[in-house]
Every structure is written in C-alpha cells, then in structure tokens.
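In the working numbering, the protein residues as written are 503 to 1004. Working notes for the structure below.
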C-alpha cells in the first residue's frame, strides 16, 4: 500500500497538496475549537501593528492583522493564514526535496511531512510557527539554487526569505550561521564569503535593524524575555532535569512519530561519523537540520527546552531521510513510519469529535482543553457586564491573572474591547505591560475580572480607585471550583508604572 502511495505521490504531488488544502480549509470552519491563548494574544498584537513585541518579532501579528482586515475578527479568519502558509510550505518542501535529490525522494518526503503530527498542528493553530516554517523552507530552496546551481539572484531571494523567517521568530537567525559554517567547511565555496554571502545577509540585516531600534526604545524587553529561556537554574535537581529531558523526548515522539523520530536520530548519528564522505548537498542538509536537532537534544539535558523548538530542523532531516530511502535504505522503517504517522495525524484531527463522543472533557486525556470555553466564558461575563454597567464606552476592562485572560476576553467579548492587565509584581511579563495602562481612563471606572477572591486583590490595585467592590461572580467553565470574580472600581486615580524586565 505504501509503495502505491509513493508512486501516486510521484505522479500527482500537487493533487495531494490541493486535496490537503481543501481538507484543512474545511476543517478550519467545522472544528468548533476556540482560539488558544497564544492565538488571541497575537491577535491582540495585530490590532496595534509594530516592528516588534514583548517576546517575538512582528510577522505573526502582521499576518493575522491582514487576514482579519480582509475577513473580520472571527476564529477561522485568525487561523486562515496558518492554512495558506502551510500550503506554501508543502509546495516548497516538495520542491526542496526534488532539487536536492529526485522526484521519488521528493514524493516520500512529502508523504513523511504530511504524516507528522506537528505539521497537522501547524496548519490549525496560528502562532509564530507557521510563518517560520514557511519562510524557513523557502530559504532552503533558494539557498540550494545559490549554493549548488550558482544562480546569482538566488542569494538575494534566499536573504529575503530568511529575513521573513527572522521577522517570524528569532530561531531563523540560525540559518545564516549554518550557511556560514557550510561555506567555511567547503574550501571551493569559501570565495562566496566575499560577495554572495553578503548579498544574502543584506535583507536580513535590513529587517533586524527596526527590531533592534524598537528594543532599544523598550529596554531590550524581547532580549530579556529570550534570555529567560536559557541558562541552568541552580535550584533544579538532577531528577527534575531528567524529568524535563524525558518529557522533551516524549514530546518529540508525539510530534515526529515514535518510528521516524528514532530513525532521524540514528541517521544523524551515522552521518555525523562519515561527514566528509557525504556529498556537499548532504552536508548542507545535515548542518541545517539534524545537527541542529542534536544540539537541542544536548541542550535538553542541562535545561528545560520547549518541545516545538527543534521542529524547523526536522525539515532537512526528513528530506535527507527521504533521499536515503530513495537509494534503498530504511525500506522497513519507512512504511511503518508512514502508517504510524498517518494514524496519529488522523487521531489529531479527530480529537475534538472523539473527546465529545466519549465524554472526556476535563480529563487527563483531553488535550483540547486549551481550545475550549473561552467563548462561553466571555458570553457569561458580557451578560453580567451589561447588567452592571450602563455606559460601556466609559468603562475599561482590566484583568488580573494570566495574559490569556486579557487576550481571550478582548477577542470573544462582542465589542472586542481594548483590555488591560494588572501585573502585581510591577515587572514587564507580557505585551500588556509594554503597552500603556489605562491612563486615558483617569477619573473613569473599570471592570476588573479575575479568579482572585476579594482578600487576594493587591492593595495597590484597590487604592488606584476611589472605590472598589465585588459586583458579580461567573462560573469558570474550565474549573468550577475557581469562579471568576467581577469587581467595579470607580474613579481611577492613577496607574502604577511598570519596571523593566531585568
């Protein structure tokens, strides 16, 4: 069966991509899943276009902003760019595998990436990852043409694609580093450092400059946030580190299947020992994917690593694995990997329905809990808000708690109000602290929404208003034991300034 599938993929790759596009587009409108916190958070960013934000470059906000400008502030419209970017990704992924190897390798590579659960998720949820993956693979395509076909204009197009990837996520800065290492290791190509490599870097530098200027004006907040992801916490025991490493490895097997993930690791190990015997194309693929994956795995041994960090590195790994399969290797592993992967992808898409059929909501086996109840919660809060407040325009919304509460209410409340967040520590911990607080509402009232009881409300927040009282409670559909409390603060006197992140 797998052989027939590979044969069909060789003959009709774009028919497969079109079918996947149509399925994903339909699924976008019927899945019934609310935006997760990150999606609503980035949507809120999109309402204030900028060159950078608290934790990430601006691409995700720009794309969501363009989509909602065209189609309105709806859940499916926010996610639509993920489907479009995912389709472009598949086209270029197939093209990259084809130019590095041949049509058979490209066909098997296309099937492999479609059998990856991470690919299914990346085409459903609109976060920073879909644009990163799309522009990363486009970069690889033009880098191939620049390095191995000597197409002079390809260097510039590769630079533009990498610049777009850098505008999506800081991880893309590894691409010029990989190219530099490859050129340094290849004696015949070192001459490309003089001109071609600089042409490649030029668009990247142009896009980095506004990000640096923005951070210079905002206390280097993005760099402070990124710094927090790295470094060993002395308080973490070796048991905790071992547990984090095990969780990371388990997560990789869920994202890349328990069959193909070990195959990728084994391929990386073998190729690393015979690096000099590999062709130049194979060396480049190894450097741009499997070696970076290996570094992340080593990093996971000494600190906590997010499970999605290495996903761009799988692209080159899958293409290299497909090339080896086309040459007669991995003949038993590949069919098992594809069948396992497609089964996992099918389960991923069917999860909302399965959870509902078997009544598994709010259980430990319900991974969709992050996608649920925000619309329901916002409707309940809006009902209370209308009963409490007669003049909505003169009342601001303030949340106390996780940033997701602020962003989800901003999206799912019918009027999409500008929401504010109070951070008790006074530190900048989200974009809401980067933006100005409700200083334009001095003398006006605010509706404060939080899970905290009256005696848990910070004194500093209460004293910012002339009066402060609880006016309603709303059932928390995600935790019935922790209802949301609604407080009304009248006559805002002042707003405490935020500290820097450092």
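All residues carry an ideal CB built from backbone N, CA and C; glycine is no exception.
query, result
"Under the three-state DSSP convention, the category residue 741 falls into", "helix"
"As assigned by DSSP and simplified to three states, the class of residue 976", "strand"
"Whole-angstrom distance between residue 992 and residue 895, CA atom to CA atom", "14 Å"
"Reduced DSSP category for residue 859 - H, G, I as helix; E, B as strand; rest coil", "helix"
"Coil, strand or helix - residue 816 by DSSP", "helix"
"Given residue 445 as reference, the closest of 528, 563, 532 and 533 once Cα atoms are compared", "The shown model of the chain, from 503 to 1004, leaves out residue 445, and the question about it has no answer."
"Sufficient close CB pairs (3 or more, under 8 Å) joining the region 805 to 817 to the region 576 to 584", "no"
"Assigned exposure category for residue 779 - 16 Cβ within 10 Å defines buried", "exposed"
"Exposure of residue 889, with buried meaning 16 or more beta-carbon neighbours within 10 Å", "exposed"
"Nearest residue (CA-CA) to residue 546, options 942, 996, 913 and 720", "913"
"Pairwise C-alpha distance: residue 669 and residue 558", "8 Å"
"CB contact below 8 Å: residue 987 versus chain B", "Among the protein chains of the structure shown there is no chain B, as only one such chain exists."
"Simplified DSSP state of residue 759, which is helix, strand or coil", "coil"
"Residue span of the alpha helix (DSSP H) that contains residue 727, given as start and end", "723 to 729"
"Same chain, Cβ closer than 8 Å to residue 530, five either side skipped, listed in chain order", "578, 581, 582, 585 and 626"
"Three-state class that DSSP yields for residue 646 in the structure shown", "helix"
"Counted within 10 angstroms of its Cβ, other Cβ atoms place residue 1004 as buried (16 or more) or exposed", "Note that residue 1004 scores 47 on pLDDT, short of 50, meaning its location in the model is unreliable; the coordinates nonetheless yield the value given after this. Its Cβ having fewer than 16 others within 10 Å, residue 1004 is exposed."
"Exposure of residue 846, with buried meaning 16 or more beta-carbon neighbours within 10 Å", "buried"
"Whole-angstrom distance between residue 822 and residue 598, CA atom to CA atom", "11 Å"
"DSSP-derived helix/strand/coil call for residue 990", "strand"
"7 Å Cβ shell around residue 683 - same chain, five flanking residues per side excluded", "789"
"Helix, strand or coil at residue 865 [DSSP, three-state]", "coil"
"Distance CB(residue 478)-CB(residue 681) smaller than 8 Å", "There is no way to answer for residue 478, as the model of the chain reaches only from 503 to 1004."
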